[in-house]
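Engineer: I'd like to ask some things about the structure below.
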């Protein structure tokens with residue numbers, strides 16, 4: 079019970095501060111443009127009990143979690159190999175250096191043309207953006223691993239695969255998690271963007287649809303839903319990191 | 059039997075170590091003393107098969123050492139414990155790499171941790187251990203491999219004087235019971251004279267073995283307070299002043 083309270087307390091404090099600010103702004107501005115927090119909270123509470131909200135929520139959750147999975151599965155191992163093997167780094171780095179600064183979101187029309195309007199293109203564009211972050215953060219992290227640790231494993235007669243399994247992978251995990259944590263906001267932002275067109279499900283659609291109808295309570299319900307999704311991803315990353323890297327203290 | 063023959067190593071065409079040759083019997087202990095940067099660690103790396111010399115060779119029991127092998131255990135200066143593994147997993151790592159089952163590795167590791175008085179720390183991570191405890195875990199990890207040779211790179215340099223002496227005693231006790239030969243590099247003359255059956259001085263540019271001392275007091279009782287100990291320290295210091 080105490081641990082639940084310890085977990086929830088910072089969120090409660092933050093909510094109180096944010097809602098107070100919100101209330102002040104809604105008093106200053108017209109409540110038609112900027113509805114009061116109590117009416118939005120009421121609408122959000124009501125939405126939570128509807129299947130329609132959860133239908134949109136799970137559609138978004140599926141897209142973003144699938145994207146995180148793909149980004150991690152490709153970016154993390156590639157980051158480790160590039161960070162450790164100079165040959166691999168020399169081969170792949172020019173490609174990464176050249177394409178990293180390009181805002182990947184501009185490829186959206188190309189991805190849509192190739193993969194169509196369904197979930198695949200949405201998932202791919204999020205995973206492309208997130209994957210680069212995971213790759214670069216992991217690669218730079220691996221380059222900074224204390225070489226004594228690797229020397230210590232090699233001195234035991236480890237073969238290359240054992241060096242990866244016992245040393246490089248566990249030592250790199252915190253960098254992979256940091257990349258995910260830092261980019262939770264980015265992934266949800268991209269999710270909103272890719273859901274704002276050519277779909278009729280997802281929280282992004284919910285927000286844009288309500289905005290078009292000038293139903294601001296419903297729009298804020300969608301915004302709350304996206305925030306909730308962001309918080310869940312962030313906390314899941316924290317939880318996974320605690321479970322997988324219990325030795326690592328931030 | 060360890061044979062080291064005519065080792066030479068160069069970086070950027072500059073010879074940093076040359077003409078290193080010595081042999082060590084199966085129950086020996088050699089301590090190498092030398093100034094910072096003279097190549098002591100490089101020499102250990104060569105013996106461990108982690109660095110290849112430009113010429114010369116290392117043989118252990120008549121087999122060329124060209125790559126790291128589980129026959130040679132290496133205790134690094136900062137202990138080399140992996141922070142992502144529990145102490146038990148750190149000790150068991152060598153056996154796991156050697157292909158032992160998890161159950162057997164753990165059983166052997168727990169037995170050894172018990173002997174070293176660290177059984178209650180087996181599920182802790184290294185970062186919560188004191189320097190002395192970390193060093194004992196590193197010693198356990200080295201000995202569990204049942205190596206033919208143990209290499210140590212300034213293993214006690216970060217410890218306080220009392221802990222250092224206790225661990226030196228522990229090391230000699232283990233050596234006495236297991237009879238695994240070791241080569242240790244250090245800056246400390248006192249440590250060299252206490253732990254070395256033979257003491258070599260590595261110095262010069264390029265670094266060479268400038269002097270070799272036999273230690274008649276090695277492993278005698280109350281060695282640290284004996285005249286042999288003090289006289290040898292004096293002799294080695296005089297030699298170091300000449301070559302440093």
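Residue numbers (the working numbering), protein chains in the order written: chain A, 79 to 328; chain B, 59 to 302.
Think of the CB as a built atom: it goes at the ideal place given N, C-alpha and C, for glycine as much as any other residue.
Note down, in chain order, each residue of its chain lying with its Cβ closer than 6 Å to the Cβ of residue 265 of chain B, except the 5 sequence neighbours on either side.
Structural biologist: The residue you call residue 265 of chain B lines up with position 207 of the second chain. Correct list, in chain order: 75, 96 and 97.
Engineer: Counting only Cβ pairs nearer than 9 Å, list the residues of chain A close to residue 155 of chain B.
Structural biologist: Taking the first residue of the second chain as position 1, residue 155 of chain B is located at position 97. Neighbours of residue 155 of chain B on chain A, chain order: 231, 234, 235, 236, 237, 240 and 244.
Engineer: At a CB distance below 7 Å, what residues from the segment 122-134 of chain B approach chain A? Give them in sequence order.
Structural biologist: 126, 127, 128, 132 and 134
Engineer: Straight-line CA distance for residue 98 of chain A to residue 91 of chain A?
Structural biologist: One-based indexing of the first chain puts residue 98 of chain A at position 20. One-based indexing of the first chain puts residue 91 of chain A at position 13. Whole-angstrom Cα-Cα distance: 11 Å.
Engineer: Give every residue of the same chain whose Cβ lies closer than 7 Å to the Cβ of residue 139 of chain A, excluding the five residues on either side of it in the sequence, and list them in chain order.
Structural biologist: For the purposes of this step, residue 139 of chain A is identified with residue 61 of the first chain, where counting begins at 1. The residues are 307.
Engineer: Okay, do the segment 250-266 of chain A and the segment 130-149 of chain A touch, 3+ Cβ pairs below 8 Å being the bar?
Structural biologist: yes
Engineer: Report the partner residues of residue 67 of chain B according to the DSSP bridge assignment.
Structural biologist: In the second chain, residue 67 of chain B corresponds to position 9, counting from 1. B:75.
Engineer: Would residue 234 of chain B be called buried (16 or more neighbouring beta carbons within 10 Å of its own) or exposed?
Structural biologist: For the purposes of this step, residue 234 of chain B is taken as residue 176 along the second chain, with counting starting at 1. With fewer than 16 Cβ atoms within 10 Å of its Cβ, residue 234 of chain B is classed as exposed.
Engineer: Would you verify that the beta carbon of residue 249 of chain A is, or is not, closer than 9 Å to some beta carbon of chain B?
Structural biologist: Your numbering for residue 249 of chain A matches position 171 in the first chain. So, interface residue.
Engineer: Cutting at 6 Å between CB atoms, please list the residues of its own chain near residue 154 of chain B, excluding the five before and the five after it.
Structural biologist: Against the second chain, residue 154 of chain B aligns to sequence position 96. Closer than 6 Å at Cβ, skipping near neighbours: 163.
Engineer: CA-CA distance, residue 215 of chain B and residue 154 of chain A?
Structural biologist: As a first step, residue 215 of chain B must be located in the second chain, where it is residue number 157. As a first step, residue 154 of chain A must be located in the first chain, where it is residue number 76. For residue 215 of chain B and residue 154 of chain A, the distance between alpha carbons rounds to 37 Å.
Engineer: What's the gap between the Cα of residue 70 of chain B and the Cα of residue 260 of chain A?
Structural biologist: To locate residue 70 of chain B, count along the second chain from 1; it is residue 12. To locate residue 260 of chain A, count along the first chain from 1; it is residue 182. The straight-line gap from Cα to Cα measures roughly 42 Å.
Engineer: Does any C-beta atom of chain D lie closer than 9 Å to the C-beta of residue 85 of chain A?
Structural biologist: Among the chains of the structure shown, chain D does not appear; the protein chains present are A and B.
Engineer: Just verifying my parser: in three-state terms, what is the DSSP assignment at residue 91 of chain A?
Structural biologist: Here residue 91 of chain A is taken as the residue at index 13 of the first chain, counted from 1. Note: residue 91 of chain A maps to helix in three-state DSSP.
Engineer: Measure the alpha-carbon distance for residue 117 of chain B versus residue 200 of chain B and round it to whole angstroms.
Structural biologist: For the purposes of this step, residue 117 of chain B is taken as the residue at position 59 of the second chain. For the purposes of this step, residue 200 of chain B is taken as the residue at position 142 of the second chain. Distance between the alpha carbons of residue 117 of chain B and residue 200 of chain B: 20 Å.
Engineer: Helix, strand or coil: which one does DSSP assign to residue 284 of chain B?
Structural biologist: Numbered from 1 along the second chain, position 226 holds the residue referred to as residue 284 of chain B. Three-state DSSP puts residue 284 of chain B in coil, outside helix and strand.
Engineer: Give me the subset of the segment 248-270 of chain A whose CB atoms are less than 7 Å from a CB atom of chain B, sorted by chain position.
Structural biologist: Within the segment 248-270 of chain A, the residues whose Cβ lies closer than 7 Å to some Cβ of chain B are 248 and 249, listed in chain order.
Engineer: Hey, does residue 164 of chain B have any beta-carbon neighbour from chain A nearer than 9 Å?
Structural biologist: Position 106 of the second chain, counting from 1, holds the residue named residue 164 of chain B. Not one chain A Cβ lies under 9 Å of residue 164 of chain B.
Engineer: Taking only beta-carbon positions, decide if residue 254 of chain B is within less than 9 Å of chain A.
Structural biologist: Counting from one through the second chain, the residue named residue 254 of chain B turns up at place 196. Closer than 9 Å: no.
Engineer: Beta-carbon of residue 158 of chain B versus every beta-carbon of chain A: anything under 9 Å?
Structural biologist: By 1-based counting over the second chain, the position of residue 158 of chain B is 100. So no, residue 158 of chain B is outside the interface.
Engineer: Taking the beta carbon of residue 196 of chain A as the centre, do at least 16 other beta carbons fall within 10 Å, making it buried, or is it exposed?
Structural biologist: In the first chain, counting from the first residue as 1, residue 196 of chain A sits at position 118. Its Cβ having fewer than 16 others within 10 Å, residue 196 of chain A is exposed.
Engineer: Are the Cβ atoms of residue 250 of chain A and residue 158 of chain A separated by less than 9 Å?
Structural biologist: Here the question's residue 250 of chain A lines up with position 172 in the first chain. Here the question's residue 158 of chain A lines up with position 80 in the first chain. Taking 9 Å as the Cβ cut-off, residue 250 of chain A and residue 158 of chain A qualify as a contacting pair.
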